[in-house]
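**Q** Quick one: this structure, given as structure tokens, is what I'll be asking you about.
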Amino acid sequence: MSKVVKSMRKSKLVIKKNPEVKLKIPHFTVDEILSPKLNLIPLTRNLNKHFACAFIGRAGSGKTSLALGMLGSSDIFKRVFDNIYAFVPPNSRASIKKNVLQDLPDDQIYDELTTDNLIHCFERVEQNAKESLNSLILFDDVQQFLKGDCEPLLVHMINNRRHNRVSLMVIAQSYGKIPKAARQAFTDVFLFNLSKADYAKIYEELVSSEKDNWERVLTNYSLQTAANEHSFLYFNTLNQSFFINWNECLFDEGQQESDEDVKTAAEGQASEL
Numbered sequence: 000m001s002k003v004v005k006s007m008r009k010s011k012l013v014i015k016k017n018p019e020v021k022l023k024i025p026h027f028t029v030d031e032i033l034s035p036k037l038n039l040i041p042l043t044r045n046l047n048k049h050f051a052c053a054f055i056g057r058a059g060s061g062k063t064s065l066a067l068g069m070l071g072s073s074d075i076f077k078r079v080f081d082n083i084y085a086f087v088p089p090n091s092r093a094s095i096k097k098n099v100l101q102d103l104p105d106d107q108i109y110d111e112l113t114t115d116n117l118i119h120c121f122e123r124v125e126q127n128a129k130e131s132l133n134s135l136i137l138f139d140d141v142q143q144f145l146k147g148d149c150e151p152l153l154v155h156m157i158n159n160r161r162h163n164r165v166s167l168m169v170i171a172q173s174y175g176k177i178p179k180a181a182r183q184a185f186t187d188v189f190l191f192n193l194s195k196a197d198y199a200k201i202y203e204e205l206v207s208s209e210k211d212n213w214e215r216v217l218t219n220y221s222l223q224t225a226a227n228e229h230s231f232l233y234f235n236t237l238n239q240s241f242f243i244n245w246n247e248c249l250f251d252e253g254q255q256e257s258d259e260d261v262k263t264a265a266e267g268q269a270s271e272l
């Protein structure tokens, strides 16, 4: 009986202080920031190293407009990347007026996503990296081709983005239809009023914050979309920071949030738009 009682007792953790080991930490050029101006905006501060970012939402939700708007904005990504490559079908490009893709050389735009095209693009990215040039690859309206033959190279590009000095933007209508290995490697996601199934899968695979906090963010975001259907929910998978539009979500663990607090916060954001 005494052994049973003893096994139920919690042992006290004691940290024994040892001499500190001094290491000469190497500096990696691949970890340099993309641009000082990205640190001026709280949200884009998270995007100031090479990233793999997803924009996910139904047709007409505003995901492509936001991605292209960020690339064309002088406050965000304009002139940050030395080379931009885009996989966008011609009919999709034709439906977008006055956007950054129109300024790209023809040989940096791919009409379709195939293994050969992706290999060709990646070889150019690798050459750029050897010359210390930063690249960005945009995938839009090609979600059905991400799986299959292109998947292994896509995942390789995401996982080795730092050394190849490349950032990736994947614009898609469904989170679950993106290859699992790729979506689990995303560093950043912009969400546009998704289905409950997609939200559940995202929480399971990418979110490490407490579920109560995740649900509070979704509740606030849902109210925000009622005021502005093109509102977005952003979060960084590395530091688990959340933003509704450009406003950061902060959690005060010492206070209980009422339904009225959530409604007031959402109305406050709507008035700023």
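By numbering that gives the first Met the number 0, the letter at position 97 of the sequence shown is numbered 96, and the numbering carries on one by one without gaps. Ideal Cβ positions, reconstructed from N, Cα and C, are used throughout, including at glycine.
1. May I have the straight-line CA-CA distance separating A85 from H155, to the nearest angstrom?
2. Going by DSSP in three states, A269 sits in which element: helix, strand or coil?
3. Exposed or buried, G147, counting other C-beta atoms within 10 Å across all chains shown (16 or more means buried)?
4. Have a look at I32 and K11 and give me their C-alpha separation to the nearest angstrom.
5. Is I55 closer than 9 Å to S173 when the C-beta atoms are compared?
6. Using alpha carbons as the reference points, say which of I95, P89 and S94 lies closest to D105.
7. Among R160, L232 and N127, which residue has its Cα nearest to the Cα of G61?
8. I'd like the span of the beta strand (DSSP E) that includes V216, first residue to last.
9. In whole angstroms, what is the alpha-carbon distance linking W245 and N127?
10. Which word fits P18, buried or exposed, when buried means at least 16 other C-beta atoms lie within 10 angstroms of its C-beta?
11. How many whole angstroms separate the CB atoms of N212 and F250, which I take to be in contact at a CB cut-off of 8 Å?
12. Given a cut-off of 9 Å, decide if L153 and P178 are closer than it, judged by their beta-carbon atoms.
13. Just mark I170 as buried or exposed, buried being the case when its beta carbon has 16 or more other beta carbons within 10 Å.
14. What whole-angstrom Cβ distance do N235 and N47 have, given they're in contact under 8 Å?
15. Just list the residues that DSSP pairs Y84 with in beta bridges.
16. At what residues does the beta strand (DSSP E) containing C52 begin and finish?
17. According to DSSP, is E273 part of a helix, a strand, or is it coil?
18. On the three-state DSSP scale, how would you describe N235?
19. What is the DSSP secondary structure of Y109, reduced to helix, strand or coil?
20. Among all the DSSP beta bridges, which residues are the ones paired with S166?
21. Excluding five sequence neighbours on each side, which residues of the same chain lie with their C-beta closer than 7 Å to the C-beta of S194?
**A** Taking the structure as given:
1. Reading the sequence shown from its first residue, position 86 is the one you call residue 85. Reading the sequence shown from its first residue, position 156 is the one you call residue 155. Their backbone Cα atoms lie some 18 Å apart in a straight line.
2. Counting from 1 along the sequence shown, the entry for residue 269 is found at position 270. Its pLDDT being 49, under 50, A269 is placed unreliably by the model, and nothing is read from it.
3. On the sequence shown, residue 147 is found 148 positions in, with the first residue counted as 1. G147 comes out exposed.
4. The residue given as residue 32 occupies position 33 in the sequence shown. The residue given as residue 11 occupies position 12 in the sequence shown. Computed Cα separation, rounded: 43 Å.
5. Translated into positions along the sequence shown, residue 173 becomes position 174. Translated into positions along the sequence shown, residue 55 becomes position 56. In contact: S173 and I55 (Cβ atoms closer than 9 Å).
6. Locating residue 105 in the sequence shown gives position 106, counting from the first residue. Measuring from the Cα of D105, the nearest candidate turns out to be P89.
7. Sequence index remark: in the sequence shown, residue 61 carries index 62 (1-based). Measuring from the Cα of G61, the nearest candidate turns out to be L232.
8. Position 217 of the sequence shown holds residue 216. Careful: V216 lies outside any beta strand (DSSP E), inside the alpha helix (DSSP H) at K210 to A226.
9. For the purposes of this step, residue 245 is taken as residue 246 along the sequence shown, with counting starting at 1. For the purposes of this step, residue 127 is taken as residue 128 along the sequence shown, with counting starting at 1. Whole-angstrom Cα-Cα distance: 32 Å.
10. Here residue 18 is taken as the residue at index 19 of the sequence shown, counted from 1. Exposed, because fewer than 16 other Cβ atoms sit within 10 Å of the Cβ of P18.
11. Taking the first residue of the sequence shown as position 1, residue 212 is located at position 213. Taking the first residue of the sequence shown as position 1, residue 250 is located at position 251. About 5 Å; that satisfies the 8 Å criterion.
12. Looking up residue 178 in the sequence shown gives position 179. Looking up residue 153 in the sequence shown gives position 154. Yes. Within cutoff.
13. Sequence index remark: in the sequence shown, residue 170 carries index 171 (1-based). The residue in question, I170, is buried, as its Cβ has 16 or more Cβ neighbours within 10 Å.
14. As a working note, residue 235 is residue 236 in the sequence shown. As a working note, residue 47 is residue 48 in the sequence shown. At roughly 11 Å, the Cβ-Cβ gap does not stay under 8 Å, so N235 and N47 are not in contact.
15. Here residue 84 corresponds to residue number 85 of the sequence shown, with the count starting at 1. Note: Y84 sits in a beta bridge opposite I136.
16. Residue mapping note: residue 52 aligns to position 53 of the sequence shown, counting from 1. C52 -> beta strand (DSSP E) spans A51 to G56.
17. The chain is shown only over 0 to 272; residue 273 falls outside these bounds and no answer can be derived.
18. To locate residue 235, count along the sequence shown from 1; it is residue 236. Strand, per DSSP.
19. Reading the sequence shown from its first residue, position 110 is the one you call residue 109. Residue state, collapsed to three classes: strand.
20. Indexing the sequence shown from 1 puts residue 166 at position 167. Per DSSP, L135.
21. One-based indexing of the sequence shown puts residue 194 at position 195. There are no such residues.
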